[in-house]
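Engineer:
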Ligand code: ZN
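In our numbering, the protein residues as written are 10 to 145.
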């Protein structure tokens, strides 16, 4: 069974913290121990894990990505969103996170971010659990 969470982006490029949404799905699913595979079924978005405590970090990452891969450039793709495709491939469309005692195993400062590179849009993130223990 694959579960989905919905994400609504509000700007062209944006990091959206989805940690709590994922945690809620883990709770609903009753997963106590295992792994959570996150998969973004889009070509112009990604998922990454990085600092969640200081929003400046997300701003800095986006700022550098937007500088390295400008919106306008010598691109061939006619849709006009090549920069978004490139950023999505650079950051990647999947992450695997451990689950223990019903909680995501993340470092103190880590959060899971949906990375929008061609918003604003409605998006989805697919989740698959591989469990080694379940609540009755
Ligand atoms: Zn495109």
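For every residue, glycine included, the Cβ atom is placed at its ideal position computed from N, Cα and C.
1. Counting by C-beta, which residues lie closer than 5 Å to a heavy atom of the ligand ZN, in chain order?
2. Under the rule that 16 or more other beta-carbon atoms within 10 Å means buried, what is residue 10, buried or exposed?
3. Comparing C-alpha positions only, which one of 139, 132, 137, 141 sits nearest to residue 15?
4. In terms of residues, what are the limits of the beta strand (DSSP E) holding residue 54?
5. Mark residue 29 as exposed unless 16 or more other C-beta atoms lie within 10 angstroms of its C-beta, in which case mark it buried.
6. Residue 83: buried (16+ other C-beta within 10 angstroms of its C-beta) or exposed?
7. With 16 other CB atoms within 10 Å as the buried threshold, where does residue 107 fall?
8. Find the nearest neighbour of residue 96 within the set 124, 34, 32, judged by alpha-carbon distance.
Structural biologist: In short, the structure shows the following:
1. 88, 90
2. exposed
3. 132
4. 54 to 60
5. exposed
6. exposed
7. exposed
8. 124
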